[in-house]
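Quick notes on the structure that follows.
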Amino acid sequence: MNKIKWIFFDIGGVLRDETEYNNWRKDILLLKAREINPEISDYDFEIAHNQASKTPGSLRQNILEILTGDKELAERLKNEIHGQGTKILQNIPIMPNAIEVVKKLSENYSLGVISNYSSAITGFLGEAGLADYFKVLGISEDYGLAKPNPEFFKAVLKDAKAEFKESAMIDDNIERGLQEAKVLGMTTVFFNATNRQDIPEDIVDFTVYSLTDLLNIL
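Take 10 as the starting number for the sequence shown in our numbering and just add one per residue.
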């Protein structure tokens with residue numbers, strides 16, 4: 010991967026350990042959806058999650074809409090759980106070895122962020138000791154764009170003065186973060202925090218299970 014000059018990170022699930030949040034989201038969305046249809050299974054959720062990830066907008070609402078088949082109901086249910094989700098996200102730690110790995114990679118690459126988050130996440134990165142290693146912070150709220158919209162990727166790389174063919178994207182969501190990155194010509198790295206098995210080889214170039222794995226491929 011000598012051609013790579015820029016590495017872009019997702020935040021949630023890559024730089025922040027969102028295991029607790031992801032478990033909560035699955036449990037609460039299944040609970041709400043099963044109130045409408047008790048037959049909805051865990052497998053149905055995984056299919057809905059992958060499908061919803063391809064669609065712009067709230068991932069929670071997209072999942073609920075697919076599971077219930079009702080757009081207005083999905084929006085209402087999403088709003089009911091919004092506060093609880095925000096509270097959980099406020100107390101999420103950084104990934105183990107995040108500072109060590111980011112610091113090491115910054116010695117050989119220019120680093121950036123492309124992530125669906127509120128602008129407040131910039132403060133978290135600063136408090137965690139990570140912000141100074143990133144030359145560009147592509148936060149969706151700041152740009153008024155979000156993954157999987159290709160215009161978000163284009164806007165961030167334009168600000169970075171980076172070429173797609175010379176850039177890598179690290180994300181824990183294949184459909185939302187890596188599929189479009191691959192179409193645009195980026196090298197794609199899947200952070201497989203959930204031990205996903207159905208990894209599409211035409212989208213994912215590399216799979217890692219921890220941040221330290223990145224040092225073996227980059």
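Ideal Cβ placement from N, Cα and C applies to all residues, glycine included. As the structure is a computational prediction, the values presented were derived from the model and not from experiment.
Helix or strand or just coil, what does DSSP make of residue i?
| i | result |
| --- | --- |
| residue 173 | helix |
| residue 162 | helix |
| residue 121 | strand |
| residue 34 | helix |
| residue 22 | coil |
| residue 143 | coil |
| residue 110 | helix |
| residue 192 | helix |
| residue 75 | helix |
| residue 53 | helix |
| residue 64 | coil |
Just confirm the distance between the C-beta atoms of residue i and residue j, as a whole number of angstroms; I'd bet it's less than 8 Å.
| i | j | result |
| --- | --- | --- |
| residue 216 | residue 199 | 5 Å |
| residue 110 | residue 223 | 6 Å |
| residue 57 | residue 76 | 5 Å |
| residue 28 | residue 202 | 7 Å |
| residue 219 | residue 195 | Residue 219 to residue 195, Cβ: 21 Å. No contact. |
What do you get for residue i, buried or exposed, if any count of 16 or more other CB atoms within 10 angstroms of its CB means buried?
| i | result |
| --- | --- |
| residue 66 | exposed |
| residue 41 | buried |
| residue 16 | buried |
| residue 25 | buried |
| residue 142 | buried |
| residue 208 | exposed |
| residue 132 | exposed |
| residue 60 | exposed |
| residue 87 | buried |
Just checking: is the beta-carbon of residue i within a distance shorter than 8 Å of some beta-carbon in chain B?
| i | result |
| --- | --- |
| residue 85 | Here there is only one protein chain, and chain B is not present. |
Short of 8 Å in beta carbon distance, which residues of its chain neighbour residue i, apart from the five on each side in sequence? Order them along the chain.
| i | result |
| --- | --- |
| residue 144 | 119, 120, 121, 169 |
Considering only residues of the same chain and omitting the five flanking positions on each side of residue i, which have a CB-CB separation below 6 Å?
| i | result |
| --- | --- |
| residue 22 | 181, 202 |
To which residues of the same chain is residue i closer than 7 Å at the C-beta, ignoring the five residues directly before and after it?
| i | result |
| --- | --- |
| residue 44 | none |
| residue 35 | 54 |
For this session: Mind the definition here: the region 164-173 touches the region 110-126 only if three or more C-beta pairs lie below 8 Å; say whether that holds.
Result: Two segments are said to touch when three or more pairs of C-beta atoms, one from each, lie closer than 8 Å; by this definition the region 164-173 touches the region 110-126.
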